[in-house]
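In order, the protein sequence lines correspond to chains E and W. Taking my numbering, the leading residue of the first sequence gets 1, the next gets one more, and so forth. Taking my numbering, the leading residue of the second sequence gets 493, the next gets one more, and so forth. What follows is a set of notes on a single structure, which appears directly below.
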Amino acid sequence: MIARAETRADVPASGVLASLLKRAALAAGVAFLLTVGIVGFELVSSTGELEYHTRFGSIVVTVAAVFFGYLAMGLLQAGLIWPAIIGAVVVGAVLLFVLVGSIRDPSLERFLPYESSIVDWSLLMFPVGIVLRGLWLFGKARSQAKTGRIAGSRRYSGWLAWALIGAALVLPFMPFADRRLVDIATLTLTYIMLGWGLNIVVGLAGLLDLGYVAFYAVGAYSYALLSTNYGLGFWVCLPLAGALAATFGILLGFPVLRLRGDYLAIVTLGFGEMIRIVLINWYWFTGGPNGINNVARPSFFGLDFDRNPDEGVAAFHTFFGIEYSPMQRVVFLYFLILACALVTNHFTLRIRKMPLGRAWEALREDETACRALGINPTNTKLTAFAFGAMFAGFAGSFFAARQGFISPESFVFLESAVILAIVVLGGLGSQIGIVLAAVVLIGIPEFFRELKDYRMLAFGLGMVLIMVWRPGGLLAHRDPTMLLHGRKRGRS
Amino acid sequence: MPDAPLLTVEHLSMRFGGLVAVDDVSFAAADRAITAIIGPNGAGKTTVFNCLTGFYKPSIGCMRLDGARGSFLLERLDGFRVAQKAGVARTFQNIRLFAGMSVLENLVVAQHNRLMKASGYTVLGLFGLGTYRAEEQAAVERARYWLDRTGLTNAADDQAASLPYGAQRRLEIARAMCTEPVLLCLDEPAAGLNARESAELNELLLKIRDDEKIGILLIEHDMSVVMEISDYIVVLDYGRKIAEGVPSEIRRDANVIKAYLGEAEDEGPAARAGEARP
């Protein structure tokens with residue numbers, strides 16, 4: 001997953017266009033061969049017989065998109081920025097005309113290449129992406145000419161963070177924010193929080209953990225069991241779930257203290273599976289594969305979100321004198337996970353500037369040198385496992401509270417892999433990178449649910465694109481935790 | 493030996509299976525003095541160091557440290573506690589910096605234990621309570637002091653890996669000194685340095701000895717460094733101590749010349765041992 005594939009060939013200085021056209025044609029040919037069988041023909045069963053329909057229009061558009069996209073990328077690489085941008089703008093304008101036109105005028109619909117409107121619209125990504133890339137390259141070339149060096153990405157990460165927080169705060173009140181969008185955003189935020197938690201273990205302390213979902217499961221089952229058996233509320237269980245997950249983190253930490261790298265990864269992988277299998281087989285305690293039903297929903301300072309709450313419990317809508325709407329709970333859960341995620345983020349940013357956080361990073365860099373400096377490697381590793389697990393525990397109890405039902409099926413290895421993919425693709429150790437990676441890997445596939453089984457292709461596409469463009473992760477830049485000379489002097 | 497010994501090593505032996513890497517070595521290192529351990533490749537110098545700094549548990553032997561922090565039997569301390577409690581700092585033959593972190597961070601990490609206490613083991617520090625802020629400022633000042641002494645002040649905010657080789661060597665020494673040790677163990681600090689850098693290193697080590705008033709234990713191949721700055725020299729060969737004494741004695745010692753130049757038959761002016769390289 002961390003392979004750094006160098007995919008871009010050097011463009012020769014002379015005969016750029018000719019060689020580019022040749023290679024673009026080759027790429028288009030490959031795209032044709034790949035799509036003609038799969039996309040070009042569709043088997044349809046009608047009245048008991050099988051027929052096939054053809055979709056050659058889709059293939060023409062796909063092959064053309066590959067050809068021109070390749071051409072545009074090549075032009076950008078060769079430094080011919082403006083032809084690429086102008087071409088992309090023209091193509092984008094035509095596409096936009098057809099897309100917008102087809103909403104009003106159904107007769108234009110036959111020009112739409114695909115049978116899914118989301119895929120049609122997402123075609124726009126390509127010209128927009130090429131224009132943005134071109135402008136970025138142009139700006140870089142200019143600032144390089146001016147100052148002789150590349151402007152750092154760090155200057156932008158500050159306001160990008162605040163812009164993202166602002167966008168997250170207003171998102172549920174936007175007119176286009178329907179229930180589906182807020183649900184997707186909540187799910188994405190859950191993964192962002194898990195990514196930030198795992199980032200403590202993998203990104204800061206450098207301990208490759210493939211069984212992170214185990215702590216997520218511990219948190220979810222802690223809340224579900226405590227609430228169904230003892231009637232404890234969400235806000236009491238949240239810290240308990242975190243503490244229990246942290247305990248499990250330390251329990252896992254002890255046996256793996258001496259292991260590094262691949263060996264550590266394999267043992268953590270086994271630990272994740274053990275937890276899941278115990279959950280399946282410990283029938284009387286966890287409900288086995290049937291899971292746990294009717295987990296209590298979290299309340300807003302004691303106010304319920306039900307239309308008709310139990311005797312003696314005030315409801316949110318009656319208390320504030322507003323009309324009941326199921327959206328209230330959805331939005332509340334959204335803000336709840338947003339708050340949890342921001343707490344995780346704040347914790348990480350802060351602990352990086354603590355001696356413990358610096359010791360984690362030092363441990364990642366060189367464990368032997370740490371010991372020579374008198375840093376206790378045992379405690380340092382265990383705290384990293386414990387804190388990482390604690391945030392997974394919080395996220396887990398939120399998950400249980402949101403779903404109202406949990407079963408071991410939610411805590412399979414794939415979840416660990418996805419969370420790890422978010423952390424690695426985001427750029428190890430980068431907080432904002434994780435947000436972007438989670439949006440790309442979770443948000444976009446959810447958005448493409450219309451594609452049913454094929455939506456995981458969007459997940460794969462997101463992963464491939466990140467690896468091609470940013471082999472070190474989206475934002476692989478590391479900010480020092482302290483500066484002697486201050487920011488103004490910079491690195492001149 | 494000028495002073496009472498800071499470090500006393502008695503009958504130190506280290507076996508790896510059938511291989512005897514260090515065989516019954518005894519020596520002493522004085523406080524406020526530079527003691528060099530020299531010997532041909534494979535003589536067991538680094539193994540002695542690893543025993544002293546807690547990376548190996550010696551098979552037999554006793555290593556006593558009587559420093560400003562009290563008396564310790566180093567062989568009884570657990571790995572990292574040799575550095576934490578007894579105050580033995582070391583550098584490595586192949587430089588081991590925290591490559592991805594900045595130069596300043598490298599020096600602040602070295603003051604981990606002090607800062608950990610000041611931040612209430614992170615709990616107080618997270619909430620901005622306690623003396624952490626002041627202590628961190630002090631840590632930065634201490635780091636600045638060593639940056640100044642090693643000539644790295646301008647590079648303080650750079651990534652450690654981006655420093656040139658000689659600067660990385662100096663940074664490693666600065667990082668070891670930031671732990672405020674009573675004994676500094678340097679494993680071939682001049683390896684890979686050119687003549688000018690090597691001369692600067694000599695100056696730095698002499699200054700550390702005189703200003704910080706600590707003992708320095710040095711493994712070195714470069715005889716120009718060893719002969720110039722050492723107060724006392726211990727020579728190992730095949731895991732055994734073959735000679736010890738002040739540089740002028742070592743220069744004339746027949747055993748040392750034999751170990752470095754092979755069996756001398758007819759010639760071998762004693763002074764040549766001074767320039768010998770293994």
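No residue lacks a Cβ here, since even glycine has one placed at the ideal position from N, Cα and C.
inquiry  = Using C-beta distances below 6 Å, list every residue in its chain close to Gly737 (chain W), excluding the 5 sequence neighbours before and after it, in chain order.
reply    = Take Gly737 (chain W), set aside five residues on each side of it, and no residue of its chain has a beta-carbon closer than 6 Å to its own.
inquiry  = On the CB-based measure, 16 or more other CB atoms within 10 Å of its CB, does Met500 (chain E) come out buried or exposed?
reply    = A question about residue 500 (chain E) goes unanswered here, because the residues of chain E that appear run from 1 up to 492.
query = If you count every other CB in all the chains shown that lies within 10 Å of the CB of Trp360 (chain E), and 16 or more means buried, which is it?
reply = Around the beta carbon of Trp360 (chain E), a 10 Å sphere encloses 16 or more other beta carbons of the protein chains shown; the residue is thus reported as buried.
request  = Throw me the rounded Cβ distance for the Gly462 (chain E) and Ile444 (chain E) pair, which I believe falls under 8 Å.
outcome  = Distance from Gly462 (chain E) to Ile444 (chain E) at the Cβ level is roughly 6 Å; contact confirmed, criterion being Cβ atoms closer than 8 Å.
ask   = The alpha helix (DSSP H) spanning Arg55 (chain E) covers which residue range?
value = Careful: Arg55 (chain E) lies outside any alpha helix (DSSP H) and carries neither H nor E.
query = For Glu450 (chain E), which residues in chain W fall below 8 Å Cβ to Cβ?
reply = Listed along chain W is no residue with a C-beta nearer than 8 Å to that of Glu450 (chain E); the closest approach is about 43 Å.
Delimiting residues of the alpha helix (DSSP H) encompassing Lys537 (chain W) = Lys537 (chain W) -> alpha helix (DSSP H) spans Lys537 to Leu544.
request  = Counting only the same chain and skipping the five closest in sequence on each side, list residues whose C-beta sits under 7 Å from that of Arg478 (chain E).
outcome  = Close CB contacts of Arg478 (chain E) within its chain, under the 7 Å cut and outside five residues either way in sequence, are with Gly429 (chain order).
inquiry  = Does the CB of Asp745 (chain W) have a neighbour CB from chain A at under 9 Å?
reply    = The displayed structure is made up of protein chains E and W, and chain A is not among them.
key: Phe41 (chain E) - DSSP class collapsed to helix/strand/coil   = Strand at Phe41 (chain E).
query = Given that Glu597 (chain W) touches chain E, what residues does it touch there, using C-beta distances under 7 Å?
reply = Result: Arg358, Pro480, Thr481 and Met482.
request  = Return the chain-ordered list of same chain residues with a C-beta closer than 8 Å to the C-beta of Gly148 (chain E), the five sequence neighbours on each side being excluded.
outcome  = Residue placement at Gly148 (chain E) is poorly supported in this model, since its pLDDT is 44, which falls under 50; the coordinates still yield a value, given next. Here the set comprises nothing.
query = Do we get a CB-CB distance below 9 Å when we pair Ala666 (chain W) with the residues of chain E?
reply = Among the CB atoms of chain E, none fall inside 9 Å of the CB of Ala666 (chain W).
request  = Name the two residues that bound the continuous beta strand (DSSP E) containing Ser505 (chain W).
outcome  = Where Ser505 (chain W) is concerned, the enclosing beta strand (DSSP E) stretches over Pro497 to Phe508.
ask   = Looking at the C-beta of Val717 (chain W), does it have a partner C-beta in chain E at a distance below 9 Å?
value = Chain E, which has no Cβ nearer than 9 Å to the Cβ of Val717 (chain W), makes this no.
ask   = When Cβ atoms are compared, which residues of the region 363 to 376 of chain E fall closer than 7 Å to chain W?
value = From the region 363 to 376 of chain E, only Glu365, Asp366, Thr368, Ala369, Arg371, Ala372, Leu373, Gly374, Ile375 and Asn376 have a Cβ closer than 7 Å to chain W.
query = Buried or exposed: which applies to Arg769 (chain W), given that a residue is buried once 16 or more other Cβ atoms fall within 10 Å of its Cβ?
reply = At Arg769 (chain W), the pLDDT of 46 sits below 50, so the modelled position is not reliable; the number obtained from the coordinates is stated separately. By the 10 Å Cβ count, Arg769 (chain W) comes out exposed.
inquiry  = Short of 7 Å in beta carbon distance, which residues of its chain neighbour Val574 (chain W), apart from the five on each side in sequence? Order them along the chain.
reply    = If we look at Val574 (chain W) and ignore the five residues flanking it on each side, its Cβ neighbours are Thr545, Gly546, Leu566 and Val580.
ask   = Which of helix, strand or coil does DSSP assign to Ser518 (chain W)?
value = Ser518 (chain W) sits in a strand when the DSSP states are folded into three classes.
query = Using a C-beta cutoff of 9 Å, does Glu446 (chain E) count as contacting chain W?
reply = So, not an interface residue.
key: Helix, strand or coil at Val674 (chain W) according to DSSP, with G and I counted as helix   = Coil.
key: Coil, strand or helix - Gly534 (chain W) by DSSP   = Annotated three-state conformation of Gly534 (chain W) is coil, per DSSP.
ask   = DSSP three-state call for Glu712 (chain W): helix, strand or coil?
value = Correct three-state label for Glu712 (chain W): coil.
key: Minimum Cβ-Cβ distance from Pro355 (chain E) to chain W less than 9 Å   = Closer than 9 Å to some Cβ of chain W, the Cβ of Pro355 (chain E) qualifies, so yes.
query = Looking at C-alpha atoms only, which residue of E:Leu187, E:Pro471, E:Phe234 and E:Ala389 is the closest neighbour of Asp209 (chain E)?
reply = Put simply, of E:Leu187, E:Pro471, E:Phe234 and E:Ala389 the residue whose alpha carbon is nearest the alpha carbon of Asp209 (chain E) is E:Ala389.
inquiry  = Would Lys361 (chain E) pass as an interface residue toward chain W - the criterion being a Cβ-Cβ separation below 9 Å?
reply    = The displayed chain sequence assigns Glu, not Lys, to residue 361 (chain E). Under the 9 Å criterion on CB atoms, Glu361 (chain E) is classed as interfacial with respect to chain W.
ask   = Would you call the region 217 to 226 of chain E and the region 397 to 413 of chain E touching, i.e. three or more CB-CB distances under 8 Å?
value = Segments in contact, yes.
query = Can you list, in chain order, the residues of its chain whose CB lies under 8 Å from that of Pro673 (chain W), leaving out five sequence neighbours each side?
reply = Cβ within range, chain order: Ala575, Gly579, Val580, Ala581 and Ile706.
request  = May I have a chain-ordered list of the alpha helix (DSSP H) segments no shorter than 4 residues that lie completely inside the region 359 to 439 of chain E?
outcome  = Correct list: 367 to 372, 377 to 403, 413 to 426 and 431 to 438.
Val501 (chain W) at chain E interface by Cβ criterion, 9 Å = Closer than 9 Å to the CB of Val501 (chain W) there is not a single CB belonging to chain E.
message = Tell me which residues share the same chain as Thr54 (chain E) and place their Cβ nearer than 8 Å to its Cβ, disregarding the 5 neighbours each side in the sequence.
response = For Thr54 (chain E), where only same-chain residues beyond five positions count, the Cβ hits under 8 Å are Gly40, Phe41 and Glu42.
query = Under 8 Å Cβ-Cβ, which residues of chain W neighbour His485 (chain E)?
reply = Close partners of His485 (chain E) in chain W (Cβ separation under 8 Å): Ala648 and Asp649.
key: C-alpha gap between Phe271 (chain E) and Leu264 (chain E), whole angstroms   = Our two residues, Phe271 (chain E) and Leu264 (chain E), have alpha carbons roughly 11 Å apart in a direct line.
key: Minimum Cβ-Cβ distance from Ser563 (chain W) to chain E less than 9 Å   = No, no contact with chain E.
key: For Ile587 (chain W), three-class secondary structure by DSSP   = Residue state for Ile587 (chain W) is assigned as coil, using DSSP reduced to three classes.
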